[in-house]
Structures are given as C-alpha cells and as structure tokens.
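Numbering (mature numbering (1 follows the signal peptide of the UniProt record, and there is no 0)), first residue to last: -26 to -1, 1 to 351.
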C-alpha cells in the first residue's frame, strides 16, 4: 500500500504541463528569448487506500517547471526542466534548424514521433500507452519533420533515452535496468528508428488527421553484452467537429530482450518508480471530448479509455484497463483538471496490481479522484 502511495504521487509530476503550455505559447515564435513555467498542486483521493479515505484525501505540491525558448533567424532552442517534491529532471531540450518553410531539423532531447501526433489522451493521467513507453516519450537523437498541404512526415534516430537505464527519475517511460519484485533486469534501449506519416483534411467546423507510425530499435543486455530487438506499430485517428474531438489508436509492440530471466515480463521505469509489463501485446485507445468556450476561458470534458492485451506464452496473464472521466478548466493563466480514474490490473491506478498486463491480483476496478491545479507564466 505504501508503494502505491509513493508511485501515484510520483506519476502526478509527469502529467503536468504538456497540454496547458500550448495555451500560453504563440503559434509561431518570433526571434528572441521567452521564459515561462508553471507551479502546480494536486489533490488525490483513493478509495482503495484506508489512510486516504480517513483523511478525505491529500493536497500536495507537485511540481514547478521552467521553460525556455530562444530563436534567432532559422536557428532555435527549446527546453523544459521540472522540479518535484523529491526529484528534478529534464523533460526535453533540443536545438532546431528551419531548413525551409516545410522542413525542420531537431537535435537533442526531443519527442519521439510515434502514435497520435499530439497526445493519445485528454486527461491529466495520460493514456495507457504512456505507461508502456509510447506516449509523449522523449529520447536523445535527431528528428526531421516535413509539413505541407496537410501532409506531415517525421523521420528520427534516437541513440538512447535521456537518463541511464538504472535511473528511475525520468519523465518518459523506458526500459529499466535493476531488480523489480525479485527479477533482475539488465536492459538498455539503444539505436531506435522512427517513422510517422499523417494526413490532415480540413472541412467546415473541424478537421481529421489519419496516421500510421513505426518504431524499431535494439535492446542491449549490459550483463551479457548481447543485443535484443524491439518494435512497435500503430494506426491512429484524431478528428474534431464543432468542439467535439474523437481520438482512436491501435498499436502492437514487442520488447524482445536478450538473455531474459523471465521472457514473459520486462521492467519499465518512469517518474521515480519502476514496474513490470508484458513484453509483447496490443494497446487500444478510444477517447472522446467536448470543448465549450466561455467568457473567461473554456471547459473541456472527456472520457479516455485504454485497453492492453498481453501476448505472451503464460495464459495466466490478464488484460489491463484504464478509464478516465473528467473536465479541464482553462481560466486566464490557470488550468485545472478534475479526473475520476478507474483502473483494472493497471499500474498507478490500482491497489494491488503494480504492473501492466501481468496476472491480476483480485478482480476489481479501483477508483480515485484527482484534481490538479496549475498556474502558468
């Protein structure tokens, strides 16, 4: 139970700024330097935690962030660093060069082009693919992006994640090297190649983006020196019409590590925690949202659903599910997200199932309420 408290507190720090920053950032940056950031607090109530129920939840400082953007001619820099109650880490930091109006080159810590071009979620909690390492993932490498007449192409090579495989204090979920629940892992992600192609068609009242993504890479075993392989494929759709938004995504992934102690699971780490997932499976996302403009800002209400189906030799492994119903309220420099989270056999949102796609302990949906308030500058 204490472990669940720690990791749910830790995961808060990763959910904090990704969408709201776009509300205060100009669509096209001019030459010069801009500095921004945010301060956020979080209220959490967990119905599966006796202490949380007795105290009617808890209110805590979650994160402060500083964001830097600088541009001179065709060259620019962009970065964000985060400070939490017990840690600090970089989210991204890269230089870029606008080759021409259609092509941009990014080099450094940048977002891996995989899946829906923005997020495959609306909520503070992110979508299920985030916990597998496939949403808003940031790695070290070089990316070329092309955009013209509705077409967008991303090609990228990533040498490795931001921090070492033995470090769990990181923004993005990636393979972990260490001991989890008695199983020892020696896996390091390396030499990843990504390709994403999307096409956006616009019409009166909205637009629809169709896309496909592919990712291939290696897994180095630091104990034996042998190489394994990994891949992921996805089809995705993001459609809007008169304030409504629909997101759909289906993906297949596999982490085929060399010399595994247990071939039916693999270790992952993110935001100061480590857990295990099925090394092969499918993940499906279906999200719907409605945004309503107001005199003081806007309100977006949504429901995000995610399903992961493991594809391993052990028949005891079970599906994982996560559903988030909530509203995001934008008012001036503030952004508040009120979420009701339900988890089944899912890390971070259940009491006894600190994993994704492994055998389930019990057969219940666990529930919690989360309210995140941020001030942006």
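C-beta atoms are modelled at their ideal positions from N, C-alpha and C, and glycine is treated no differently.
**Study point:** Interface flag, residue 276 vs chain D, CB-CB below 7 Å
**Key:** Going by chain labels, chain D is absent from the structure shown, which holds only one protein chain.
Check your understanding: Per DSSP, residue 259 is paired with what?
Key -> 223 and 280
Practice item. Under 8 Å Cβ to Cβ from residue 70, same chain only, skipping five residues before and after it: list those, please. Key: 49, 50, 51, 52, 78, 79, 80 and 81
Point to revise | Proximity of residue 295 and residue 264 at Cβ, strictly below 7 Å | key: no
Check your understanding: Tell me the DSSP bridge mates of residue 294?
Key -> 282
Review point. What's the C-alpha gap between residue 206 and residue 171?
Key: 14 Å
Check your understanding: Does the count of Cβ pairs from the segment 119 to 130 and the segment 212 to 219 closer than 8 Å reach three?
Key -> no
Practice item. For the alpha helix (DSSP H) containing residue 25, list its first residue and its last residue. Key: 24 to 29
Check your understanding: Among the residues of its own chain, which have a CB less than 6 Å from the CB of residue 212, if the five just before and after it don't count?
Key -> 90, 183 and 221
Practice item. Give the DSSP-derived three-state secondary structure of residue 63 in the structure shown. Key: strand
Check your understanding: Given residue 44, which residues of its chain have a CB within under 7 Å of its CB, disregarding the five upstream and five downstream residues?
Key -> 7, 50 and 51
Review point. Near residue 288, what residues of its chain come up, given a Cβ to Cβ distance below 8 Å and the 5 sequence neighbours on each side ignored?
Key: 238 and 333
Check your understanding: Can you tell me the Cα-Cα spacing of residue 300 and residue 23, whole angstroms?
Key -> 21 Å
Review point. How is residue 145 classed by DSSP in three states: helix, strand or coil?
Key: coil
**Study point:** Nonlocal neighbours in the same chain, by C-beta distance under 8 Å from residue 63, ignoring five residues either side
**Key:** 55, 56, 136, 137, 143, 144 and 145
Check your understanding: Just curious, the beta strand (DSSP E) that residue 37 is in, first and last residue?
Key -> 32 to 46
**Study point:** Exposure of residue 73, with buried meaning 16 or more beta-carbon neighbours within 10 Å
**Key:** exposed
**Study point:** Spatial distance of residue 350 from residue 149 (CA atoms)
**Key:** 32 Å
Check your understanding: Taking residue 19 as the reference, which of 232, 29 and 11 has the closest Cα?
Key -> 29
Practice item. With DSSP as the reference, label residue 103 as helix, strand or coil. Key: helix
Review point. Under three-state DSSP, which class holds residue 159?
Key: strand
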